[in-house]
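All residue numbers for the sequence shown refer to our numbering, where the first residue is 836 and numbers rise by one.
Ideal Cβ positions, reconstructed from N, Cα and C, are used throughout, including at glycine.
This one's a predicted model, so the numbers in the text were calculated from it and none came from an experiment.
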Amino acid sequence: MNPINADVFSQLHIDIARNSTDDFNLFHDSRKWQNINGNPFNGPITLGFQLESLIEGKIADYRRQHDEEKLIAEQGLNFSNYQFTFANAIKPNQAIEVDIKESILKNEPSPSLSNRIIVKADGKLALTGYKKETAEPLFLEQPDLSRVGELKIQPDRCFLNNGFFLKRKFMMTSNAKNFLCASLRDQTQYFDELQDKVIFPEMFPCALLSSALLEKALKWLHDFERNPMVYTSHKISIDRRCLAQLRSNDAVHILIKPAADCAAHDFGDLNATPLDYECYGLVNNNNALVFRALISLVPLESIRKAMA
836 MNPINADVFS QLHIDIARNS TDDFNLFHDS RKWQNINGNP FNGPITLGFQ
886 LESLIEGKIA DYRRQHDEEK LIAEQGLNFS NYQFTFANAI KPNQAIEVDI
936 KESILKNEPS PSLSNRIIVK ADGKLALTGY KKETAEPLFL EQPDLSRVGE
986 LKIQPDRCFL NNGFFLKRKF MMTSNAKNFL CASLRDQTQY FDELQDKVIF
1036 PEMFPCALLS SALLEKALKW LHDFERNPMV YTSHKISIDR RCLAQLRSND
1086 AVHILIKPAA DCAAHDFGDL NATPLDYECY GLVNNNNALV FRALISLVPL
1136 ESIRKAMA
């Protein structure tokens, strides 16, 4: 029996999350998961960003209940930072418990408000990390965009002169609503046509990263069945001021490249070792950064050995 207050993702929730973000990862497909070589999960699993969106909603509820929104505004803590390590996959119909530890406010060396997060599925650890509100982004320095040019005229799914892969996505309210529902969240808190309310949740533009990474891998002729990769950690910084300006149909230009200290290979290498990717979401005509993320993946074979 599921514990009281537990959340549960069904396969339908997973499918809606996939469809709303164009994620075609075989691990989430109710049929194609069986095509993955040596898949130890024995079925489809939930999306990492889907789980993070559920966490985002619960932290937002926590902030309101503890009257912390005013503090965040007064301190100018305009950046939401998420750092999560994935300990285990979550399957459909498992009972999910999100434990948010008491908020910690620090003033030195700069103001921050943070909470530790622990997620369990059927009583087993699935994710650990924290959410932290800060005045400056915690992850990745300002990228050198001097050579990217006017992104809106660059072809979708191309490699730019500075080594970035470009994937163009669009902020559709219908997709964001579906993503919220797939994350067990109330879409009316963010969207209401009668009140002209459009508030894109923090994790939605970031969730488009999975599609971008998958399409980058396709360009390298990566074999998703023979050499599957899984997330090990996400480090994400979101500029809430920039996010608040986004409206339906706005383009998000997602730039991806291997991190500076990453191994020399990329997708397409069947002997791939862990990969770290620098990812940036740029919007508006001035290439404002709505998010920056350091995404870490590892070959499934490494996970299988750890589970053995």
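Does residue i pass the burial test, meaning 16 or more other C-beta atoms within 10 Å, or should it be called exposed?
| i | result |
| --- | --- |
| I1089 | buried |
| E883 | Contrary to the premise, residue 883 reads as Gly rather than Glu in this sequence. Buried: at least 16 other Cβ atoms inside 10 Å. |
| Q784 | Residue coverage of the chain in this structure runs from 836 to 1143, which leaves residue 784 outside it and unanswerable. |
| K959 | exposed |
| E903 | buried |
| H1057 | buried |
| R898 | buried |
| A961 | buried |
| V1118 | buried |
| I894 | buried |
| A956 | buried |
| L940 | exposed |
| A908 | exposed |
| T1023 | exposed |
| I890 | buried |
| P990 | exposed |
| A1079 | exposed |
| K944 | With the sequence shown as reference, residue 944 is identified as Pro, and Lys is not the correct amino acid for it. The residue in question, P944, is exposed, as its Cβ has fewer than 16 Cβ neighbours within 10 Å. |
So, at 7 angstroms on beta carbons, what are the nonlocal neighbours of residue i in its own chain, with the 5 sequence-adjacent residues on each side left out?
| i | result |
| --- | --- |
| S1083 | M1006, M1007, T1008 and V1033 |
| N928 | V843 and S845 |
| A1017 | H848, I851, A852, S855 and Q885 |
| K1070 | Q918, F974, A1128 and L1129 |
| K1140 | none |
| F994 | F1000 |
Just to confirm my understanding: we take residue i, look at its own chain, exclude 5 residues before and 5 after, and list those with CB closer than 6 angstroms. What are they?
| i | result |
| --- | --- |
| G1116 | P1040, V1087, I1089, V1125 and F1126 |
| S1131 | T1067, S1068 and D1111 |
| N997 | R982 |
| G892 | R1020 |
| Q910 | P946 |
| L1135 | P1063 and V1065 |
| R1076 | N913 |
| V1092 | The sequence as given places Lys at residue 1092; Val does not occur at that position. Once the five neighbours on either side are set aside, the close Cβ partners of K1092 are G998, F999 and E1113. |
| A1011 | F1035 and F1039 |
| A1094 | D1111 and E1113 |
| F876 | A924 |
| A1123 | C1077 |
| E887 | M1038 |
| N789 | What the structure shows of the chain is the stretch from 836 to 1143, and residue 789 is not part of that stretch, so it cannot be assessed. |
Kindly indicate the opening and closing residues of the alpha helix (DSSP H) around residue i.
| i | result |
| --- | --- |
| L1048 | L1044 to K1054 |
| S855 | Q846 to T856 |
| F884 | G883 to Q900 |
| A908 | E904 to E909 |
Would you mind reading off the limits of the beta strand (DSSP E) that contains residue i?
| i | result |
| --- | --- |
| Q929 | No beta strand (DSSP E) holds Q929; DSSP gives it neither H nor E. |
| E1113 | L1110 to V1118 |
| K1092 | D1085 to P1093 |
| I1130 | A1123 to P1134 |
| Q918 | F914 to F921 |
Just to confirm my understanding: we take residue i, look at its own chain, exclude 5 residues before and 5 after, and list those with CB closer than 8 angstroms. What are they?
| i | result |
| --- | --- |
| K936 | N950, R951, I952 and I953 |
| H901 | S938 |
| K867 | L861 |
Start-end ranges of the alpha helix (DSSP H) lying completely within the segment 997-1080, minimum 4 residues: 1008-1017, 1038-1042, 1044-1054 and 1075-1079
Three CB pairs or more closer than 8 angstroms across the segment 904-917 and the segment 967-981: yes
Inter-stretch contact at 8 angstroms, needing at least 3 Cβ pairs: the segment 840-860 / the segment 925-939: yes
Minimum length 3: unbroken beta strand (DSSP E) runs contained in the segment 930-1002: 930-935, 939-941, 947-956 and 959-969
Inter-stretch contact (C-beta, 8 angstroms, three-pair minimum) for the segment 853-861 and the segment 1036-1054: yes
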